[in-house]
Structures are given as structure tokens and as C-alpha cells.
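Here my numbering is used: the first residue of the sequence shown is 3, the next is one more, and so on. Note that the Cβ used here is the ideal one computed from N, Cα and C, for glycine as well. Just so you know, these numbers come straight off a predicted model, no measurement behind them. For reference, the structure is listed below as C-alpha cells.
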Amino acid sequence: MAEAHAGKSVLSIADQAVVSGTNFVTSVLIGRVCGKEQLGVYALALTVVLFARGLQQQVIFAPYMVYCHRRRGLALRAYSGSIWVHNAALALLTLLAMAGMTVASLLGWGPGELRSAMPSMLLIGAFYLLRDFVRQTALARMEMIAVTAIDVTVATVQIGGLLLLAWLGELTVARALLMVGAGCLVSSGGWLLARRQVFLVVRRRIWRDWRHNWSFARWALASHLVGST
3 MAEAHAGKSV LSIADQAVVS GTNFVTSVLI GRVCGKEQLG VYALALTVVL FARGLQQQVI
63 FAPYMVYCHR RRGLALRAYS GSIWVHNAAL ALLTLLAMAG MTVASLLGWG PGELRSAMPS
123 MLLIGAFYLL RDFVRQTALA RMEMIAVTAI DVTVATVQIG GLLLLAWLGE LTVARALLMV
183 GAGCLVSSGG WLLARRQVFL VVRRRIWRDW RHNWSFARWA LASHLVGST
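Rendered as C-alpha cells:
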């Protein structure tokens, strides 16, 4: 037991190093190749996506991390299936919001610097939330090997794609965002194919589980929003 716990701790530290390293290398590449101004555009664009992820963390996964450990077998699969539907609904709302922002940007509203990056943001928003959904589900199930594999896959696809674009002289903020989305899609798609039996969608449970989760999530969300202001 102690050895298993120590192994998971080591994997957790290694995983954080991979995530931090991926973000650092991505920022350095964009800053060096595209310039400081474009690095600022990338950071601003990613902030919009990260805001949606913050909502996902509090509304979807704050209650899931607590309640999933109180269920076993079919009950856990059905609960996880409800969470899958809740996350899909949030991803759809995120896509609609980003589509509205993209149209507004193309019409000349909002920061002009973001105009070229908005279509890419529209594409990666759902993929980013999907990656985090898969990652948090694996984390809640204490599957640290899977979590690390997801983040290593993201790092490989994302940094590999950025290096290739830089070598070809084709690296832009919009394409960098597409590489972020590609890494998220590849990593999450692989886990979902391998672990699809984790989820069992039971329609009558979807709304019931949402109401149950919301009694916890509303306070987590309020705390998050207050802390972000």
C-alpha cells in the first residue's frame, strides 16, 4: 500500500512537470518565433478557454470528485454517464459563446488583435474541455498512469506540431492554438476509446444527478467567481 501510494505521488509530480514544461516550451516558441505581441495575443486567447475550463472544474468536477467515491459498479457508471452529458452541454454552451465572440470579432467588435485567433479558439474550445473532462475523470478514479499518459500525449503532439510549424516558417498564434486543440483531441480520444465502459448514460438520471450536483457546485462556483474578481 505504501509503495503504491509513493508510486502515485511520483507520477503526480512527474505529471505536473510535464504540464508545466509543455506550457513553458509553448510560450517560449511563440515568443521567439512570433514576437512578444503575438505571445500576448496567445495568452489572451487562451484566457478565454481557461475561463470556460474554470467553470467546468467547479460546476462539473467539484461535485464529481466528492460523490463518485460514494458509488460503485453500475451506480458509478450511470453517475459518470450523467457527468458526460453535463460536460457535453457545457461544451456546447462554450462553443455557442465562442461562435458569438467570433462573429462579433469579425464584425469589428472587441480587441482587434484577437480577430485572427478567434476561429481557432472556436475549434479548440470543445477539445480543451474534452481533454480536461477525460483527465479529471481519470484523476478521480486515481488512474495516475492514465493521467500522465494523457499529458505526455498532449505534450508530444503540441510541441511536436509547434516545432514543425516553426521549422517550416508557418507558426502563427492561430496555428499554435490549433496544435493545442490537436493535442487535446488525440489524447482524450485515445482514453475514451480504451475506457468507454466507464460511462453508462441513463436518461432519467441526467437531470436528477444535475440537481444533486448543483447543490454542491453552486457554492464552489460562487467561491471561484469571487476569487477570480
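Based on Cα-Cα distance, which residue from R205, L132 and Q138 lies nearest to A64? Q138
Use the C-beta contact count for E145: other C-beta atoms within 10 angstroms, 16 or more gives buried, fewer gives exposed. buried
Helix, strand or coil, according to DSSP, for E39 in the structure here? helix
From the DSSP output, in three-state form, read off S233 for me. With the chain running from 3 to 231 in the structure shown, residue 233 is simply not present.
Kindly list the residues whose CB is nearer than 6 Å to the CB of M67, restricted to its own chain and excluding five residues on each side of it in sequence; keep chain order. A142
Going by C-alpha to C-alpha distance, which of L164, H88 and M120 sits closest to G102? M120
DSSP-derived helix/strand/coil call for M250: Lying before the first or after the last residue shown, residue 250 is absent from the chain, which here runs from 3 to 231.
Euclidean distance between Cα positions of I62 and M181: 26 Å
Which stretch, first to last residue, makes up the alpha helix (DSSP H) that contains R79? G75 to L108
What's the gap between the Cα of A196 and the Cα of S217? 32 Å
If I measure Cβ to Cβ from W212 and keep anything under 8 Å in the same chain, skipping five residues before and after, which residues do I get? S84 and H88
Considering R177, what are the terminal residues of the alpha helix (DSSP H) in which it resides? V175 to A196
Extent of the continuous alpha helix (DSSP H) run through V68: A64 to Y69
Going by alpha carbons, who is nearest to L92 out of S107, D134 and I161? D134
If we count Cβ pairs, one from each stretch, closer than 8 Å, do we get three or more for the segment 145-154 versus the segment 123-130? no
Using the C-alpha atoms, what's the distance from V12 back to A6? Confidence at A6 is low in this model, with a pLDDT of 49, below 50, so its placement is unreliable and no value can be given for it.
To the nearest angstrom, how far is the alpha carbon of L173 from that of V51? 20 Å
From A184 to V21, what does the alpha carbon distance come to, in whole angstroms? 16 Å
Is A106 near the ligand FAD - that is, is its Cβ less than 7 Å away from at least one heavy atom of it? As far as ligands go, the structure on display features none, and thus does not contain the ligand FAD.
Using a Cβ-Cβ cutoff of less than 7 Å, which residues in the same chain neighbour C36 once the five nearest sequence positions on both sides are dropped? L173, T174 and V175
Would you identify the three-state DSSP class for F218, choosing helix, strand or coil? helix
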